[in-house]
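Colleague: Input: one structure, supplied below.
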Amino acid sequence: MIVTRALTKRYGPVTAVRSVDLDVREGDRYGLLGPNGSGKTTLVRMLLALVYATSGEIEVMGRRMPRHAREVLPQIGALIEEPAAYPHLSGRANLALLDAAGPGGLAARRTRRRRVGEALEQVGLAGVDRRPVKAYSLGMRQRLGLAAVLIRRPRLLVLDEPGNGLDPRGIRDLRELLTSLNETGVTVFLSSHLLAEVEQLCTRVGVLDAGRLVLQDDLAVLRAPTGLIGVDTPDGDQAAALLDGQVERRDGPHLLVRYKDAAALNARLVGAGLRVSAIGAHQRTLEDIVLSVTGAGSDHIAGSSELEGRGADWTEERGTSDEGRRRLKAPRKRAGNRDVSS
Amino acid sequence: MIGVELVKLLRRPRTWISVVLTCALPFLVAIFIMITHLAPPPGQGSAFLSAVLQNGELYPAAALALVLPVFLPVAVAVVAGDSIAGEASTGTLRYLLVRPVGRTRLLVAKLVSVIVYVLLVVLAVTVTAYATGVFLLGPSRAAAVGQPPGGGAAGPGGAGTGLAGQAPTAGQAAGGAVTSLSGTPLGLWQLTERIAGAIAFITVSMLGVAAIALFLSTITDSALGSALGALAALVASEVLVTLNAATVVQPYLPTRYWLAWIDFFRQPVFWRDIQRGFGIQAVYVVVFLAAAWANFSTKDITA
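Those protein sequence lines, which keep their order, are chains D and L.
First residue of the first sequence: 1, per this note's numbering; consecutive thereafter.
First residue of the second sequence: 1, per this note's numbering; consecutive thereafter.
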């Protein structure tokens, strides 16, 4: 659906996107992740022929961009950063004007009113009145922007940070909407810096870091069980002693154990009189995965292997620099010590 | 796309506010003149104002002369400067372009909408000024200054009795006729023709302003910046036009022939400056639109 080869964009001395080989397949729900300033928006804009690439190739739906933008863009619904609308017009008028601005001719005109109504209904704005957009709340604007995306029933959605400005309910609505559209055959490509949003929605992820695509794979592959068993037990010390040699990592009451089967491990621990509060096959979270690959460009020696496959509950802080990592590590150790002493 | 741009133009409150304000200035001036009967003496002040007390039908020309130096260019620069930069700053530009609307197409649509706006303002000023002139100042005050009344079109009697010193520079031939600046009378048809010529000339002059503002609008994402930039260019041009030391460049300045439309009201029409005015504006329009197109069609849209 979207293929880029060695796509590069330079703004003067700054390279915003460097040699990106993106591969989004038909039917994917693709999440492009990356910290702010990693080049996500520039990449998205290049796909939509808003920004021209310095070098490299872009193919969307099998056609070269931006040369065939005129044929390709009508089949794409795009949301680029914040939604935008003419503030003095109503939401309906805005949608109708935007629709009328592009190609489509008489056929589009005949169905316009109905399509506007349907799009508003899809995003939960069916009851919207004649208020001008300047009176809308941020969430309503975001929904209106989504309606503008859907109005021409696109085959491909390109959404740049679609969850911005939505409340939790709005985010859930968005997820459900995108999933149901995807089930009807619409390919979804979205960029986000919200890991949870992508983890819950996407089937495939790409991670952009400092303009480079450092990871691209199916989420199911990335999150495949690591072969380790995660155990939570208040009797951490005894468990560690019992399973000596098989404990991969210990973090207070959390243990990562190399063991073939969770049930067997559970039986063994309980049989030894230890209490088990949680047990299960260990999976890396998307957060672990992203943190393990981002920031590795400039300082990839210090501690990057340690970051690999780290415990599941990393805080929001992102250790992209050495200093950041040390800061993250230090309190964790203290917490562990406290557990031991108690 | 052109239709969409026109809808946007006409549904925007700013359009109508600027039209009303531009029409309000000549109206205000007419009220003052009506109350005081003090028009500037011939050869001083704004063009035609000295003549309107004798004939209200000439007021459209006077009104155009009033709004031309500042009001009209400001309004045009604001609208044209906003055309691309305004879309960029509200964020709607990127959505239009991925809709998709071709960049050239968008630029053309914007240009057409600016032309329509200029015509709208100029026509609104002309029409309201004609009504103002006829109702407030009265058609052909010749009767009031002692000339033989004719055609029964005389205004309220006696209103102009104190104006002997400002009698028309030449005799009135027929009642209701407008006297040209050269002193010979113009029939209604001739007057209409010449006002139409003046409107065309002023519109083209404003297109020169619009082209500069539109070009700047493709460079910056600030609508204010491009409007002020265009106005700065005009002010610079005005300064140079009055500067003797700049005689060499004067024929090429955008505002040099702005007032040439007054020559439409001479008998016979004095074409030299009018032609040059059309010519120089055409050059400005072509050059700046080409630059706007070249810049916009290759630009990275990051707004």
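The C-beta atom is built at its ideal place from N, Cα and C for all residues, glycine as well.
Quick caveat: nothing in here was measured; it's all calculated off a predicted structure.
Under 8 Å between beta-carbons, which chain D residues line up against residue 110(L)? List them in chain order, please.
Modeller: Going along chain D, no residue has its Cβ under 8 Å from residue 110(L), so there is no contact; the nearest lies around 12 Å.
Colleague: Of the choices 36(D), 161(D), 65(D), whose alpha-carbon is the least far from that of residue 7(D)?
Modeller: Nearest option by C-alpha distance: 65(D).
Colleague: Just tell me which of 83(D), 48(D), 279(D) has its CA closest to the CA of residue 70(D).
Modeller: When only C-alpha atoms are compared, the closest one is 48(D).
Colleague: Tell me whether residue 57(L) is buried or exposed, calling it buried when 16 or more other Cβ atoms sit within 10 Å of its Cβ.
Modeller: So residue 57(L) counts as buried.
Colleague: Check for me: the alpha helix (DSSP H) holding residue 238(L) runs from which residue to which?
Modeller: 223-241 is the extent of the alpha helix (DSSP H) around residue 238(L).
Colleague: Check whether the stretch 83-97 of chain L and the stretch 210-224 of chain L are in contact - that is, three or more C-beta pairs closer than 8 Å.
Modeller: Output reads yes: the stretch 210-224 of chain L touches the stretch 83-97 of chain L.
Colleague: Grouping DSSP H, G and I as helix and E and B as strand, with all else coil, what is residue 10(D)?
Modeller: Correct three-state label for residue 10(D): strand.
Colleague: Given that residue 68(D) touches chain L, what residues does it touch there, using C-beta distances under 7 Å?
Modeller: Within chain L, no residue comes near residue 68(D); the closest Cβ sits about 11 Å away, beyond 7 Å.
Colleague: For residue 311(D), decide whether its Cβ has a neighbour in chain L, counting only Cβ atoms nearer than 9 Å.
Modeller: Caution is warranted here: a pLDDT of 38 is assigned to residue 311(D), below 50, making its placement in the model unreliable, and no coordinate value can be reported.
Colleague: Contact between the stretch 116-134 of chain D and the stretch 36-51 of chain D: three or more CB pairs below 8 Å?
Modeller: Contact between the stretch 116-134 of chain D and the stretch 36-51 of chain D is absent, because fewer than three Cβ pairs lie under 8 Å.
Colleague: Taking residue 94(L) as the query, report the chain D residues whose CB atoms sit under 9 Å from its CB, ordered along the chain.
Modeller: Neighbours of residue 94(L) on chain D, chain order: 45, 48, 50, 78, 80, 81, 84.
Colleague: Of the residues 106(D), 201(D), 277(D), 90(D), which one's Cα is nearest the Cα of residue 32(D)?
Modeller: The residue with the shortest Cα to Cα distance from residue 32(D) is 201(D).
Colleague: Measure how close the beta-carbons of residue 212(L) and residue 284(L) come, nearest whole angstrom, since I'm counting them as under 8 Å.
Modeller: Confirmed, about 7 Å.
Colleague: If contact is defined by three or more beta carbon pairs under 8 Å, each pair taking one atom from either stretch, is the stretch 99-116 of chain L in contact with the stretch 243-252 of chain L?
Modeller: At 8 Å Cβ cutoff, the stretches do not touch.
Colleague: Tell me the residue span of the alpha helix (DSSP H) that contains residue 92(D).
Modeller: Element bounds for residue 92(D): 91-101.
Colleague: For chain D, find out if any of its Cβ atoms is closer than 9 Å to the Cβ of residue 100(L); answer yes or no.
Modeller: It does: the Cβ of residue 100(L) has a partner Cβ on chain D nearer than 9 Å.
Colleague: Rounded to a whole number of angstroms, what is the C-alpha to C-alpha distance between residue 254(L) and residue 109(L)?
Modeller: Distance between the alpha carbons of residue 254(L) and residue 109(L): 24 Å.
Colleague: Assess, as a yes-or-no matter, whether the stretch 200-219 of chain D is touched by the stretch 273-283 of chain D under the definition of 3 or more beta carbon pairs within less than 8 Å.
Modeller: Cβ pair count under 8 Å is below three, so no.
Colleague: Spell out whether any CB of chain D is found under 9 Å from the CB atom of residue 90(L).
Modeller: Output row for residue 90(L): interface = yes.
Colleague: Determine whether the Cβ of residue 193(D) lies closer than 9 Å to any Cβ atom of chain B.
Modeller: The chain inventory of the structure shown lacks chain B, comprising the protein chains D and L.
Colleague: Could you give the DSSP three-state label for residue 249(D): helix, strand or coil?
Modeller: If DSSP states are grouped into helix, strand and coil, residue 249(D) belongs with the strands.
Colleague: First and last residue of the alpha helix (DSSP H) that includes residue 92(L)?
Modeller: It spans 92-98 - the alpha helix (DSSP H) in which residue 92(L) sits, taken as one unbroken run.
Colleague: Output needed in chain order: residues of the stretch 93-112 of chain D with a Cβ under 7 Å from some Cβ in chain L.
Modeller: Answer set for the stretch 93-112 of chain D: 97, 98, 100, 101, 102.
Colleague: Using CA atoms only, rank isn't needed, just tell me which of 294(L), 93(L), 180(L), 246(L) is closest to residue 221(L).
Modeller: Comparing Cα-Cα distances from residue 221(L) to each of 294(L), 93(L), 180(L), 246(L), the minimum goes to 93(L).
Colleague: How would you label residue 297(D), buried or exposed, when you count the other beta carbons within 10 angstroms and need 16 or more for buried?
Modeller: Because residue 297(D) sits at a pLDDT of 44, beneath the cut-off of 50, its placement in the model cannot be relied upon, and the point is left open.
Colleague: Any Cβ of chain L within less than 9 Å of the Cβ of residue 148(D)?
Modeller: Residue 148(D) counts as touching chain L.
Colleague: What residues from the stretch 255-282 of chain D come within 8 Å of chain L, judged by C-beta to C-beta, listed N to C?
Modeller: Residues passing the 8 Å Cβ filter: none.
Colleague: When DSSP builds the beta bridges, which residues end up paired with residue 31(D)?
Modeller: According to DSSP, residue 31(D) bridges with 190(D), 205(D).
Colleague: From the beta carbon of residue 73(D), is the nearest beta carbon of chain L less than 9 Å away?
Modeller: Interface residue, yes.
Colleague: Could you work out which residue in 263(D), 260(D), 269(D), 230(D) is closest to residue 250(D) when comparing CA atoms only?
Modeller: Nearest option by C-alpha distance: 230(D).
Colleague: So does the stretch 195-213 of chain D actually touch the stretch 275-284 of chain D, counting three or more Cβ pairs closer than 8 Å?
Modeller: The answer is no - the stretch 275-284 of chain D does not touch the stretch 195-213 of chain D, with fewer than three Cβ pairs under 8 Å.
Colleague: For the stretch 169-189 of chain D against the stretch 88-99 of chain D, do three or more pairs of beta-carbon atoms, one drawn from each stretch, fall closer than 8 Å, so that the two count as touching?
Modeller: Segments in contact, no.
Colleague: Where does residue 356(L) land, buried or exposed, given buried means 16+ other C-beta within 10 angstroms?
Modeller: Residue 356(L) is absent from the model: chain L starts at 1 and stops at 303.
Colleague: Suppose you measure from the CA of residue 32(L) to the CA of residue 49(L); what does that come to, to the nearest Å?
Modeller: Each residue's alpha carbon lies about 12 Å from the other.
Colleague: Counting Cβ pairs closer than 8 Å, one from the stretch 259-266 of chain L and one from the stretch 190-207 of chain L, do we hit at least three?
Modeller: Output reads yes: the stretch 190-207 of chain L touches the stretch 259-266 of chain L.
Colleague: Would you say residue 89(D) reaches chain L, if we count a Cβ-Cβ gap shorter than 9 Å as a contact?
Modeller: It does; some Cβ of chain L falls within 9 Å.
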